[in-house]
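What follows is a set of notes on a single structure, which appears directly below.
In our numbering, the protein residues as written are 13 to 246.
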């Protein structure tokens, strides 16, 4: 009943501070699988997707005041999808992976969106891990390898000297915690999407995998903010 009440509030036009507080409470509650059973419905998933800006609207991410709502909604979706097989099936019906790829595009060249990008990538990782149909959709329909490779490239701030050779800067400062986390989530999702890619057929696929290999090499030469984070990244 508490979850339903929270979702009913979130379904209305509440103030941003109220939305954040409700989403924080829902995020904590959504760690309990028993709590999720009655609330994992198509309507409730759509409410959270709307708050996370996972919709077909092409509006750019301009209102920084809304960013905490987007992040908390993505966190809730991560918990719900991880803990609910029903939510995993609904994600395919609601075309959630395509919406996440679209949100990643909106994050390009934007400031203050690292947390949005990180939890978007984490959600793509979970979907590609837990639902084989979505994994196939990402690979075949949504150009997932390209989308995730670009997200990884952006997180690592790769600079190119040749087509398949990234610049090596020995004096470059370590990645920040946010940059490292984004790179790690992109790598995890890429692993899932490319899991069955042992047989590369087309010239475009060959280019994409050579491009990815160059970024992965650069990743191994990159350090994180701490020794533990660097180890996790590698």
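Heads up, the beta-carbon is just placed ideally off N, CA and C, and yes, glycines get one too. Owing to the predicted nature of the structure, the values given are computational and were not obtained by experimental measurement.
Measure the alpha-carbon distance for residue i versus residue j and round it to whole angstroms.
i	j	result
residue 238	residue 197	17 angstroms
residue 137	residue 107	15 angstroms
residue 170	residue 128	20 angstroms
residue 146	residue 117	19 angstroms
residue 178	residue 234	12 angstroms
residue 134	residue 163	12 angstroms
residue 75	residue 100	30 angstroms
residue 236	residue 86	24 angstroms
residue 187	residue 13	43 angstroms
residue 20	residue 217	45 angstroms
residue 46	residue 97	12 angstroms
residue 174	residue 223	11 angstroms
residue 185	residue 168	11 angstroms
residue 241	residue 126	17 angstroms
residue 232	residue 192	12 angstroms
Indicate the three-state DSSP secondary structure (helix, strand or coil) for residue i in the structure shown.
i	result
residue 161	helix
residue 74	coil
residue 27	coil
residue 217	helix
residue 225	helix
residue 265	Because the chain is modelled from 13 through 246, residue 265 falls outside the range shown and cannot be assessed.
residue 173	strand
residue 153	coil
residue 205	helix
residue 192	helix
residue 44	coil
residue 100	helix
Is the beta carbon of residue j closer than 9 angstroms to that of residue i?
i	j	result
residue 22	residue 61	no
residue 112	residue 132	yes
residue 16	residue 50	yes
residue 80	residue 32	yes
Applying the criterion that 16 or more other CB atoms from any shown protein chain within 10 Å of the CB defines a buried residue, is residue i buried or exposed?
i	result
residue 230	buried
residue 152	exposed
residue 203	exposed
Residue i and residue j look like a contact to me (Cβ under 8 angstroms); what is the Cβ gap, rounded to whole Å?
i	j	result
residue 37	residue 18	6 angstroms
residue 154	residue 109	6 angstroms
residue 91	residue 39	6 angstroms
residue 220	residue 161	7 angstroms
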